[in-house]
Amino acid sequence: MNSEGTWSLINLALANLAVFESIVLIAGYFISTKNQKELEEDENKKTNKKGLFRFLSLPIAVIAVIAFVLTENISLETAFVDKWTVLMVLIAAVQTVMVVLSRKKIVDDKDAENQADDSQTAETQA
């Protein structure tokens, strides 16, 4: 536990941020908007949801919660930051990078075929 007799409000906010970002990413994988459906139907385009990055954000959120629970005693007085704030900032930064990497992209079917052909050509040349 925290030996200084306080717990950090910033750490609580950063843990909540990591959990919120994970929930939004997972929900965004399963929920598609009307605009996405219309765009895919009208123009033969496909949405790349990047599910791997979205689901990898879940363990990061769990780590954030575990780190907060193990390092903070909320029955003590509140401080703005403590010695564990650097760890929580690091976890929140990793989660934010996962958010950036998991942005949905709309890929044209022809572009996807061209990329697949290019990768096959590169494999045969190697």
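Letter by letter, the sequence shown follows residues 0 to 125 in numbering that gives the first Met the number 0.
The beta carbon of each residue, even a glycine, is placed where N, CA and C say it ideally should be.
Between the CA atoms of residue j and residue i - distance to the nearest angstrom
i	j	result
Ala63	Ile22	13 Å
Phe79	Ile9	6 Å
Leu100	Arg53	9 Å
Glu71	Leu11	9 Å
Gly27	Leu57	13 Å
Ala66	Leu24	21 Å
Lys104	Ile73	41 Å
Arg102	Gly50	10 Å
Leu86	Phe29	31 Å
Reduced DSSP category for residue i - H, G, I as helix; E, B as strand; rest coil
i	result
Ser7	strand
Glu76	strand
Leu16	helix
Cβ-based neighbour list, residue i, same chain, cut-off 6 Å, excluding 5 preceding and 5 following
i	result
Ser7	Ala78, Val80, Asp81 and Thr84
Cβ-based neighbour list, residue i, same chain, cut-off 7 Å, excluding 5 preceding and 5 following
i	result
Lys17	First, the residue type needs correcting, since residue 17 is Ala and not Lys in the sequence shown. Ile59, Ala60, Ala63, Ile90, Ala91 and Gln94, listed in sequence order.
Leu55	Met97
Same chain, Cβ closer than 8 Å to residue i, neighbours up to 5 away in sequence not counted
i	result
Thr5	Leu75, Glu76, Thr77, Ala78 and Asp81
Glu20	Ser56, Ala60, Gln94, Thr95, Met97 and Val98
CB-CB length for residue i against residue j, believed under 8 Å
i	j	result
Leu13	Val88	6 Å
Residue i at chain D interface by Cβ criterion, 9 Å
i	result
Ile73	The structure shown contains no chain D, having only a single protein chain.
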